[in-house]
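A short worksheet on the structure shown next.
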Amino acid sequence: MRALLLLLPLLISPFAMAGSIYKYTDANGVTTYTDKKTAGAEVIVFRDAMVENVDRQVYVTKRSHAGGETLIVHNDLYAPVEIKLSISNAQNVTGVPREPITWVMQPRQELRLVTLQPTGTGAVHYDYKLEHALGDPRAEQSLTYYPLPWRGGPFRLTQGPGGRYSHTGIKGRYAMDIAMPEGTPIVAARSGMVIKTENSQTGRGNNPSGNFVRLLHDDGTMSVYLHLKRGSVRVAEGQRISTGQLLALSGNTGNSTGPHLHFVVQKNVGLQTVSIPFEFAQPVDGLPNFAVGGEP
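Numbered by mature numbering (1 follows the signal peptide of the UniProt record, and there is no 0), the letters in the sequence shown go through residues -18 to -1, 1 to 278 in order.
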């Protein structure tokens, strides 16, 4: 008997506790995944979080000059970011802000945020901390019903909001996981700007998100398409995308036990990227998705 693969979408937020999944195959060759401890089963522990390392693209540099030292914040991303700069342990300098500085930086912007002047009474010392989050916190979602972001089907929803195994943390609580054959064309559910991609990961790799595409929509919200097939991403950061345009092919990379698409809509709330509610405009397990049409 062919193994029955129960897809378990595995994208855990750092705010969710680590989970153990037990995998076993019975005498009939049926493979099962369960959260109940089972004798002889393979134990799979998931502690990873959705990872998009943008620290190298949102960062601080220092510029020394006759008047002191200026801290410059850089946003090399194709998206706005909210920043919070805190300065502590300052010694022998003036110009230190009493409260952390918060600002919304525009895409590809460089901002001279603060200048510190030496008092001339001793060695200058201070520490700084930069916090940042993708997106403008003032964004307001203008669309709640999304076309299915793939071509073909019908497919099966294997986990929805607040799922049993994941989708409990702030980044993914309203995410949808759809089981589909590897290589299914994945298309943009909305128009927008490509702001982040990953395309080189094989299997579980070193990023629990696997290969992915992140889009920024005109209303300031973002959609993310995860666990994509290696080398299949057809778009580039900074590229403008239309609804229905091919992004990549579905895969089985990152924290995934079988081929599926993890789709989530997010926005910046309180310097955190959080999942927000949405619905698909037609049933996932209904007729094939003809809404976005076209050829791969």
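All C-beta atoms in this analysis are idealised placements derived from N, C-alpha and C, irrespective of residue type, glycine included.
Under 7 angstroms, do residue i and residue j count as touching if we go by C-beta distance?
i, j, result
"LEU59", "GLN39", "yes"
"residue 282", "PRO167", "With the chain running from -18 to 278 in the structure shown, residue 282 is simply not present."
"THR84", "THR52", "no"
"GLU219", "THR184", "no"
Do you know offhand how far residue i's Cα is from residue j's?
i, j, result
"SER182", "GLY236", "11 angstroms"
"GLY240", "MET162", "9 angstroms"
"THR76", "ARG94", "17 angstroms"
"PRO(-10)", "SER238", "Residue confidence is low: PRO(-10) scores 36 on pLDDT, short of 50, so the model does not pin down where it sits. Its coordinate-derived value is still stated next. The alpha-carbon atoms of PRO(-10) and SER238 are separated by roughly 6 angstroms."
"ALA72", "PRO82", "13 angstroms"
"GLY135", "ASP200", "28 angstroms"
"PHE260", "ARG172", "12 angstroms"
"ALA48", "HIS244", "52 angstroms"
"GLN221", "ILE69", "36 angstroms"
"LEU130", "ALA21", "40 angstroms"
"SER148", "PRO190", "Caution is warranted here: a pLDDT of 49 is assigned to SER148, below 50, making its placement in the model unreliable, and no coordinate value can be reported."
"ARG120", "ILE258", "14 angstroms"
"GLY202", "LYS44", "30 angstroms"
"GLY192", "HIS209", "5 angstroms"
"ASP46", "ARG80", "Note on residue identity: the sequence assigns Ser, not Asp, to residue 46. Their backbone Cα atoms lie some 22 angstroms apart in a straight line."
"LEU125", "ALA263", "11 angstroms"
"LEU231", "ARG90", "29 angstroms"
"ASN74", "VAL42", "21 angstroms"
"ASP30", "LEU67", "Note that ASP30 has pLDDT 37, beneath the 50 cutoff, so the model's placement of it is unreliable and no number is given."
"SER78", "VAL246", "In the sequence on display, residue 78 carries Val and not Ser. Approximately 40 angstroms between the Cα atoms of the pair."
Taking C-alpha atoms, which residue in the options lies nearest to residue i?
i, options, result
"LYS211", "GLY49, THR203, ALA21, ARG186", "ARG186"
"PHE194", "LEU125, ARG216, SER173", "ARG216"
"VAL256", "GLN123, ARG155, ASN74", "ARG155"
"TYR207", "ALA218, GLU219, VAL169, ASN189", "VAL169"
"MET158", "HIS242, LEU112, ASN57", "HIS242"
"ASN57", "GLU113, GLY213, ILE160", "GLU113"
"GLY226", "GLY213, VAL246, TYR128, ARG45", "TYR128"
"PRO265", "ARG120, GLY252, TRP132, ASP37", "TRP132"
"ILE152", "LEU231, VAL36, ASP37, GLY252", "GLY252"
"GLY213", "ASN250, GLU164, VAL246", "GLU164"
"ASP37", "GLY192, LEU231, ASP267, LYS111", "LYS111"
"VAL86", "THR126, ASN250, ASP267, GLY268", "ASN250"
"SER224", "VAL176, ALA263, HIS209", "VAL176"
"ILE160", "GLY268, TYR41, VAL42", "GLY268"
If residue i and residue j are in contact, beta carbons under 8 angstroms, what's the gap, nearest whole angstrom?
i, j, result
"GLU92", "ILE54", "6 angstroms"
"GLY233", "LEU197", "Rounded, the Cβ-Cβ distance is 18 angstroms, inconsistent with contact."
"MET204", "GLN248", "5 angstroms"
"PRO62", "ASP109", "PRO62 to ASP109, Cβ: 26 angstroms. No contact."
"GLN99", "GLY50", "4 angstroms"
- request: Would you be able to state if there are at least three C-beta pairs under 8 angstroms between the segment 98 to 117 and the segment 128 to 139?
  value: no
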